[in-house]
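Chemist: I have a structure I would like to understand better, so I am pasting it below and will then ask my questions one at a time.
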Amino acid sequence: MDPAEAGARELARAVAERSVSSRELVRYYLDRIAASELNAVVTVDDSRALAEAAALDAETVRGARRGPLHGVPVTVKDAIATAGLRTTCGSPELAGFVPDADAPAVARLRAAGAVVLGKTNVPQWCGDIQTYNDVFGVTRNPWDPARTPGGSSGGSAAAVADGLCAFDLASDIAGSIRIPAHFCGVWGLKPSVGLVPGEGYVDHVGAGAVPPDGNVLGPICRSPADLGLVLDVLTGSSGGAVPGSLSGLRAAVWVDDPACRVGGRTRAVLAAALDALESAGVRLSPAGAPGAFADIWQLHLDMVLAAVAYNLPEDGVPPATASHRGWLARAEDRARLRSAWARWFSAYDVLLCPVTAMPAFAHDLDGDIGTRSVTIDGEARPHMSTIGWCGLISVLGLPSVVMPAGLSDDGLPVGLQIVAPHGADRRAIRFAELAADVVAGVGAPGR
Numbered sequence: 001m002d003p004a005e006a007g008a009r010e011l012a013r014a015v016a017e018r019s020v021s022s023r024e025l026v027r028y029y030l031d032r033i034a035a036s037e038l039n040a041v042v043t044v045d046d047s048r049a050l051a052e053a054a055a056l057d058a059e060t061v062r063g064a065r066r067g068p069l070h071g072v073p074v075t076v077k078d079a080i081a082t083a084g085l086r087t088t089c090g091s092p093e094l095a096g097f098v099p100d101a102d103a104p105a106v107a108r109l110r111a112a113g114a115v116v117l118g119k120t121n122v123p124q125w126c127g128d129i130q131t132y133n134d135v136f137g138v139t140r141n142p143w144d145p146a147r148t149p150g151g152s153s154g155g156s157a158a159a160v161a162d163g164l165c166a167f168d169l170a171s172d173i174a175g176s177i178r179i180p181a182h183f184c185g186v187w188g189l190k191p192s193v194g195l196v197p198g199e200g201y202v203d204h205v206g207a208g209a210v211p212p213d214g215n216v217l218g219p220i221c222r223s224p225a226d227l228g229l230v231l232d233v234l235t236g237s238s239g240g241a242v243p244g245s246l247s248g249l250r251a252a253v254w255v256d257d258p259a260c261r262v263g264g265r266t267r268a269v270l271a272a273a274l275d276a277l278e279s280a281g282v283r284l285s286p287a288g289a290p291g292a293f294a295d296i297w298q299l300h301l302d303m304v305l306a307a308v309a310y311n312l313p314e315d316g317v318p319p320a321t322a323s324h325r326g327w328l329a330r331a332e333d334r335a336r337l338r339s340a341w342a343r344w345f346s347a348y349d350v351l352l353c354p355v356t357a358m359p360a361f362a363h364d365l366d367g368d369i370g371t372r373s374v375t376i377d378g379e380a381r382p383h384m385s386t387i388g389w390c391g392l393i394s395v396l397g398l399p400s401v402v403m404p405a406g407l408s409d410d411g412l413p414v415g416l417q418i419v420a421p422h423g424a425d426r427r428a429i430r431f432a433e434l435a436a437d438v439v440a441g442v443g444a445p446g447r
């Protein structure tokens, strides 16, 4: 077993069988972190991690087991509170901030036996689709260090892809789990809104008591099975009806739209994945989903910019949500849209759609997310115009699994979003597990 490629389920089993100790795993990952040039894990809790692993190993010898993650070393995004361990959200204002308590989601991981190795890098205030800040610098993509791993959970996805931990606990309000998973060729789950406790998310000075509207915490892993394992721990429950095979499943397909055109390299990979799924018996249909893409994207912008308004200038919040009255009006629009989608989903098991319009792009540290552009099929397009596929799902509050679908013709990972109705997270995960047997996938970078 190579811990750099093994999943959490496999590692937990190895610890339970005493074929490897938790302390050996912690030391292995700490050595990999120290040798890594990606700058993915930016704060390390080595002494405490080794001590906790030793305690867990002693329990294993006695036949005790705290939970399904007993002895498994993990990392946590540097925007999620960890007791006694620096949590900065990439901001100089919080460079020395050490929370007194774990976020509830982190506490659940520890209670299940996970060992927290350290924190993974983010853009300042988690406000970018790249990962760099003035506290820790730039995080690089393990497939091509000249490219970004995405954001805001870029350190999370880079660490998982490079084998620096078993999995990472990340967050997503506008694509922050899904974009990095897509760019780095790993598996990510944006859970249904409200499913996982979101307190302890630190996106401004004094934050943590109230989760930002629409923000969710979820895992980035090396396998779809691990997504389900971690979700069970985070929610304290498991189960629910899931499909036994791909044959006969109904999948709506929405892979391009004039409001967020998908580049040719990405379309080619997605087309091959859809062909493989159809050959396996999945019944593919054009989506015909409620609402125009452009209208849903605007609703998402109105809501998400209000949710992160602490770190925006006074004129940075859209007029539609600059007042509480305006926000309530848009929240009613959102509620009606979500109801329409819930009715629409009665005819489908999942929706399949892109993550972004392009694979990972070269680091661009000039300007900000609102002023930068990326060239797709010879056309310069604003960064914000390329990520609408994530905003579409975010504003609907739906669960989405990103699976690595294949490599572009220039060797970069391309992900596919598998979206399910609200609360049907395990359906999306199970579809991803089944799809992994027929879709090309990407392997591991450099290995």
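Residue numbers are given in full-length UniProt numbering: position 376 of the sequence shown equals residue 376, and the series is strictly consecutive. The C-beta atom is built at its ideal place from N, Cα and C for all residues, glycine as well.
1) State the DSSP-derived secondary structure class of ARG283, mapped to helix, strand or coil.
2) How would you label ALA347, buried or exposed, when you count the other beta carbons within 10 angstroms and need 16 or more for buried?
3) Starting from TRP327, trace the alpha helix (DSSP H) in both directions and tell me its first and last residue.
4) Would you kindly work out how many angstroms separate the C-alpha atoms of ARG86 and TRP344, rounded to a whole number?
5) The alpha helix (DSSP H) spanning GLU379 covers which residue range?
6) What would DSSP say about TRP125, mapped onto helix, strand or coil?
7) Who are the near neighbours of ASP46 in its chain, counting only those whose CB is closer than 6 Å to its CB and skipping five residues on each side?
8) Based on the DSSP output, what are the partners of CYS221 in its beta bridges?
9) Quick one: what does DSSP say VAL15 is sitting in, helix, strand or coil?
10) How big is the Cα-Cα spacing for PRO145 and ALA405?
11) Assign ALA35 to one of two classes, buried (16 or more other C-beta atoms within 10 Å of its C-beta) or exposed (fewer than that).
12) Quick one: Cα of GLY127 to Cα of VAL61, how far?
13) Residue range of the alpha helix (DSSP H) that ALA54 falls in?
14) Based on the DSSP secondary-structure assignment, which residues constitute the bridge partners of ASN141?
15) For LEU109, report the span of its alpha helix (DSSP H) as first-last.
16) Sorted by chain position, which residues of the same chain lie with C-beta nearer than 7 Å to residue 452's C-beta, five sequence neighbours on each side aside?
17) Thinking MET432 and PRO219 are a contact (beta carbons under 8 Å), I'd like their distance in whole angstroms, please.
18) Going by beta-carbon coordinates alone, are ALA320 and ASP302 separated by less than 8 Å?
19) In this structure, how does DSSP classify LEU392 when only helix, strand and coil are distinguished?
20) So, with DSSP's three-state summary, where would you put ILE179?
21) Specify, as a first and last residue, the run of the alpha helix (DSSP H) that MET303 falls within.
22) Report the residue from GLU59, PRO421, LEU50 and ALA241 whose alpha carbon sits nearest the alpha carbon of SER339.
23) I think ILE393 touches THR356, with their Cβ atoms under 8 Å apart; what is that distance to the nearest whole Å?
24) Would you please state the rounded distance, in angstroms, between the beta carbons of VAL196 and THR235? I believe it to be under 8 Å.
25) Identify, in the order they occur along the chain, each residue of the same chain with its Cβ nearer than 6 Å to the Cβ of ASP368, setting aside the five sequence neighbours on each side.
26) Is ARG427 helix, strand or coil when you go by DSSP?
Modeler: In short:
1) strand
2) Looking at its Cβ environment, which holds fewer than 16 other Cβ atoms inside 10 Å, ALA347 is exposed.
3) For TRP327, the uninterrupted alpha helix (DSSP H) segment begins and ends at 324-344.
4) 44 Å
5) Unbroken run through GLU379 is the beta strand (DSSP E), 379-382; no alpha helix (DSSP H).
6) helix
7) LEU30
8) TRP187
9) Reduced to three states, the DSSP call for VAL15 is helix.
10) 21 Å
11) exposed
12) If I take the Cα positions, the gap works out to 45 Å.
13) 46-61
14) Per DSSP, ASP144.
15) 104-111
16) The displayed coordinates of the chain run from 1 to 447. Any statement about residue 452 would go beyond what the structure contains.
17) Note that residue 432 is Ala in the sequence shown here, rather than Met. Rounded, the Cβ-Cβ distance is 13 Å, inconsistent with contact.
18) yes
19) helix
20) helix
21) 293-307 is the span of the alpha helix (DSSP H), which, as asked, contains MET303.
22) PRO421
23) That pair is no contact at about 12 Å.
24) 6 Å
25) Cβ within range, chain order: n/a, list empty.
26) When DSSP states are grouped into helix, strand and coil, ARG427 belongs to the helix group.
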